Amino acid sequence: MFDLEKWQEIIATLKQHKLRTGLTAFGVFWGIFMLVLLLGAGRGLENGMTANFGQVTNSVFLWSARPTQIPYAGLPKGRRITLKPADAELIRARMDDKVDIVAGFNRLGGWGNEQYIARGDTSGTFTVRGSHPGMAYLHSLDVTGRFINERDHREKRKIAIIGRGVQQVLFAPWEEPIGKNISIHGINFLVVGTFTSLSTGDNAVNEEEAIFIPNRTLRYAFNQVGWVGNLTIVPKPGYHASDVEEEVKALLRDYHRVHPDDQAVFGSWNMQAFYDRIQSLFTGIQAFSWLVAIGTILAGAIGVGNIMLIVVKERTREIGLRKALGATPMSIVSMIVLEALVITAFSGYLGLVAGVLTLEAASAYLPGAGTFSHPEIDFSTAIIAIVILILSGLLAALLPAAKAAGVDPITALQDE
Amino acid sequence: MIKLDNLHKYYGTGAQRLHVLNGIDLHIREGELVSIMGSSGSGKSTLLNILGLLDQYDEGRYALAGQPMERLSEKQAAQYRNRMIGFVFQSFNLLPFKNALENVSLPLYYQGMSRKARSEQARHYLEQVGLADRMTHMPNELSGGQKQRVAIARALVTQPKVILADEPTGALDSVTTGEVMELLHRIHGEGNTLVIVTHEPEIAAQTQRQITLKDGRIVATPDGIAPSATEEPA
Ligand SMILES: Nc1ncnc2c1ncn2[C@@H]1O[C@H](COP(=O)(O)OP(=O)(O)OP(=O)(O)O)[C@@H](O)[C@H]1O
Ligand SMILES: [Mg+2]
């Protein structure tokens, strides 16, 4: 059925009717082009918003917030609960099935309190944060050189990974920071890596004005041995951060003998609840995009069907003649359907390419940060769009094709 | 080659029913050149369309080249038309966007023949009708006589059993009419079977046998005397 001869015949006919073919093709082209732009723009918005979340979207943060408000188990109120490395061990032991990572993090000088860092004659103030082997992704870092490893942790080595902002202040542009020493509170640390932040937006600059050192080193070198600043917990796949958050807090209250209703003792926050809300917004936007897009495609396909209908009427005599010369109804049907198909597929493909190129251009010229970034369309979405387009083109061609197959050669060839 | 037994054809239904062919018995032998005459509305075209498998008959029998043409599906009819019948129309019916060669090769396309073989065969028949130098001309670049010769080449290209022509010279002046008739004679001389519908007694006179229709019946005698033809005003 799909032999070369048939295609040559169809291409010849389409070429013959250039204007008609062109107009039909433009309808479909425009439909797909708009669809790609629409979906791409929706995606751009989504990319822009989710980029602010960094790489881990389900982590739970937990810290010691306030003294107890309610006396409990014979203990008075007003006790201050300190989080210790043992609490991390406890959570890891009791909730092994639900949590992936439990880690205590310390900082120098508490939240947001920047520290005086020097290197030779230059100096600046930056945040100094503790971290653990393999956890660069938790902070959304893109590390050059290396991050903290097990040995650093075990041996409490004095190594540092510095952000781009730190590097710009402490090092000249031509200097290689890795292998050099910096001084934190008078203690020398060897720079083993540099990083940029993977999260976009205004945060990124702040994030890059930080120095990461092994958390154990931090605790031992800067007198925080007895406590951890906050606990970060990443649930295993399948467990919602909000549930894990509540369960961990209940566990800690129980362990530290805090009254179950004493909510304010442990402060906590998880990203996922917020992330989920944003996600459902995007699901809505996407559904809407598809609705509009399918409408556009249908309009294009109906356009094709409509024009094919006119074409069949216009070509009644030709079709009648073809039948008289031996064309079977099936060959007439496939001629019309294939013509419609060639137009839709070809112009749909052009629309797709044009749309993708436009998105690429927009992506290249728009600033990367903000609420809109990297509009794009995935391959599978594009394929689905094309398949829908072709199917609707086929569908639209059926009526004209049936009309064409039903042409009576006698009346078609009658001389007026 | 063609055998009709008591063939009837009606148009319409009920009180409106029109008895267009009223018991046609006809036998056309292989290699014959036959003309069909008759006044307007006498059923000539209807008969030719039935012979050409473009139309169905209601009663009787029709056998073409020994095969009964009964209850054909659309597909079967199309295939028989393609292989056994060549049509020549009054208004040529060439596809305006195809050149002479492509027009002639069109029936072969529906036989699934390759483009090369099609062109070769079409070229041969265009040469036969004296248009070797007009192969790539579009129909609007050809005179009426040339168009009809292209159409005749198209009818011949599948080497059909019978060629059916409905007023093939109806749209031509007397000079080109003479040329086309000469061509048809030559084709007949090569052993083809031809049936020509015509209004013009001069054309009919050039055929071996004239059949005259009146009110859906054959009134002519097989020896070529057509009493009704003289009754009708031209
Ligand atoms: N599709 C149709 N529906 C109804 N009546 C028809 C149809 N086709 C033809 N007729 C009628 O059948 C009769 C025979 O028509 P036909 O075309 O065979 O005549 P004809 O002999 O070819 O005439 P002409 O010399 O004018 O071409 C006419 O009365 C015509 O009106
Ligand atoms: Mg007629």
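Protein chains in written order, with the numbering used here: chain A, 1004 to 1419; chain B, 184 to 417.
C-beta atoms are modelled at their ideal positions from N, C-alpha and C, and glycine is treated no differently.
Because the structure is a prediction, the values reported are computed rather than measured.
The Cβ-Cβ distance between residue 1234/A and residue 1131/A does not fall below 8 Å.
By the rule of a C-beta closer than 7 Å to any heavy atom of ligand 2, the residues picked out are 227/B, 228/B, 349/B, 350/B and 380/B. In the structure shown, residue 186/B falls within a strand segment according to DSSP collapsed to helix, strand and coil.
Residue 283/B does not reach chain A, its nearest Cβ partner there being about 15 Å away, counting only Cβ pairs nearer than 8 Å. In this structure, DSSP gives residue 274/B a state outside helix and strand, which the three-state scheme calls coil. The DSSP-derived three-state label of residue 280/B is coil. Residue 1042/A is classed as buried because its beta carbon has at least 16 other beta carbons within 10 Å across all chains shown.
Looking at the DSSP output, residue 393/B bridges to 218/B. If you look at residue 1174/A, you'll find it isn't in any alpha helix (DSSP H); DSSP assigns it neither H nor E. Interface annotation, residue 1333/A: in contact with chain B, CB-CB separation under 8 Å. Excluding the 5 residues flanking it on each side, residue 1365/A has same chain C-beta neighbours closer than 6 Å at 1378, in chain order. For a cut-off of 8 Å, the C-beta gap from residue 1253/A to residue 1273/A is around 15 Å, too long to register as a contact. A residue is called buried once 16 or more other Cβ atoms fall within 10 Å of its Cβ, and residue 201/B, having fewer, is exposed. For ligand 1, no non-hydrogen atom lies closer than 7 Å to the CB of residue 1323/A. Distances between the C-beta of residue 194/B and the heavy atoms of ligand 1 include at least one below 7 Å.
Look at residue 1405/A: its C-beta is not under 8 Å from any C-beta on chain B.
Neighbourhood of residue 254/B in chain A, by CB distance below 7 Å: empty, with the nearest CB roughly 16 Å away. Residue 333/B is classed as buried because its beta carbon has at least 16 other beta carbons within 10 Å across all chains shown. For residue 1158/A, the enclosing alpha helix (DSSP H) has its first and last residue at 1153–1158. Here the alpha carbons of residue 1361/A and residue 1040/A stand approximately 8 Å from one another. Among the residues facing chain A, residue 270/B is included, as its CB has a counterpart in that chain under 8 Å away. Rounded to the nearest angstrom, the gap between the Cα atoms of residue 287/B and residue 383/B is 28 Å.
For residue 1410/A, the Cβ stays outside the 7 Å cut-off from all heavy atoms of ligand 1. The beta carbon of residue 1395/A lies closer than 7 Å to those of 1300, 1301 and 1304 in the same chain, with the five residues before and after it left out. Looking at the backbone, the Cα of residue 402/B and that of residue 243/B are separated by about 18 Å. As computed with DSSP, residue 193/B is found in a beta bridge with 202/B.
Listed in chain order, the positions of the stretch 236–255 of chain B with a beta carbon within less than 9 Å of a beta carbon of chain A are 237 and 238. Annotation: residue 1413/A to residue 1389/A spans about 40 Å, alpha carbon to alpha carbon.
Using a CB distance below 7 Å, no part of the stretch 339–372 of chain B faces chain A. By the C-beta density criterion, residue 1293/A is buried, having at least 16 other C-beta atoms within 10 angstroms. Within the stretch 1314–1338 of chain A, the residues whose Cβ lies closer than 8 Å to some Cβ of chain B are 1320, 1321, 1324, 1325, 1326, 1327, 1328, 1329, 1330, 1331, 1332, 1333 and 1334, listed in chain order. The straight-line gap separating the alpha-carbon atoms of residue 1090/A and residue 1125/A is approximately 40 Å.
Residue 1346/A has a beta carbon lying at 8 Å or more from every beta carbon in chain B. Excluding the 5 residues flanking it on each side, residue 1087/A has same chain C-beta neighbours closer than 6 Å at 1230, in chain order.
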